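What follows is one structure encoded as structure tokens, with my remarks underneath.
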Amino acid sequence: MKLQIALLMTALGASTAGAVQAAEYEEYGRVTRVEPRVEQVRQPREECRTEYVQVAPQPVQRERSAGGAILGAVAGGILGNQVGGGSGKAAATALGAVAGAVAGDRISNGGPNSQPEYDSRYPQEQAVRRCRTVDAYESRTIGYDVTYNYGGRSYTSMMPRDPGDRVRLRVSVEPDPRQ
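Each residue of the sequence shown is one higher than the one before, starting from 18 at the first, in the working numbering.
See the structure below:
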């Protein structure tokens, strides 16, 4: 039992002896070259343009005229007045005026079965927007390959930023356990 404790204490002391003698400090290396590391990134974007295409002529709304209805009402009222007699004369005049107004309006404005008019003097064009997705590529810097000298040797490391003329180094010194 005492032997096991002694061995355990010896192993524990040996493992901490190296850690006590290790040293860490900062130094600077001289930067000799900085090369940006660039990658191509696909950036889809939408391109749109407006085209004008010919379309079938659209019907033109005719302006309605009240003149036919007015003339029809007057003519219908006169005719109703001539036809009616006695106490029905006023009713015949009113009915004639209404019927004349409807007939005059239909004659003047083409009626319910009239064909729509088309203005064919000018070709009909309609704006149509056409879009498509195109791949554009842009260059992005993802880091920097930095070459620096320290202790008479040259080293290269990938870094997130350009360090400038010198790079800070963390140096760790510990004894070689093989001795």
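Where a beta carbon is used, it is the ideal one built from N, C-alpha and C, also for glycine.
Fair warning: this is a prediction, and the values are worked out from it, not measured in the lab.
Sub-7 Å separation of residue i and residue j beta-carbons
i	j	result
A144	A118	no
V188	E64	no
G102	T110	no
T164	R54	no
E155	V70	no
G121	G94	no
R185	E56	no
A153	R81	no
D162	T173	yes
Proximity to residue i [Cα-Cα], best of the options
i	options	result
T157	R147, Y165, P177 and G105	Checking the sequence, you will find Arg at residue 157 rather than Thr. Out of R147, Y165, P177 and G105, P177 has the C-alpha closest to the C-alpha of R157.
V100	L112, A90 and P53	L112
S171	Q141, V48 and G160	V48
R66	R147, G181 and D162	R147
I159	D179, G105 and P194	D179
Local Cβ density within 10 Å of residue i, reported as buried at 16 or more and exposed below that
i	result
G46	buried
V72	exposed
E41	exposed
A114	buried
Any chain C beta carbon closer than 7 Å to residue i
i	result
V91	Of the chains in the structure shown, none is chain C; there is only one protein chain.
Inset, instruction - Quick one: which unbroken alpha helix (DSSP H) runs of 4-plus residues sit fully inside the stretch 38–126? Chain order, please. - result: 84–100 and 106–126
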